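Numbering (UniProt numbering), first residue to last: 1 to 81.
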């Protein structure tokens, strides 16, 4: 899942994001919109991309700013299992 905050921290507008996203081939990637930026603030997101890892109980266990490759993401997910 990914979360987008249109208009926050230099992000494009919601309309522009939706238009751009429609051109991508991510059919199974849920996208949540956070137009107020409240989720960003609660997770301490200050830059993009930032990964937020949440455990089975719904608790935030790790926030990692910057790019992470797929293998590193998978290793991190396994470590919080």
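Note that CB positions come from ideal geometry on N, CA and C, so glycine has one too. Since the model is a prediction, treat every value here as computed from it, not as a measurement.
| Check | Outcome |
| --- | --- |
| Where residue 13 falls, given that 16 or more other Cβ within 10 Å makes a residue buried | exposed |
| Three or more C-beta pairs below 8 Å linking the segment 9 to 29 and the segment 53 to 60 | no |
| For residue 56, the three-state DSSP class (helix, strand or coil) | coil |
| Distance CB(residue 28)-CB(residue 5) smaller than 8 Å | no |
| Where residue 38 falls: helix, strand or coil (DSSP) | helix |
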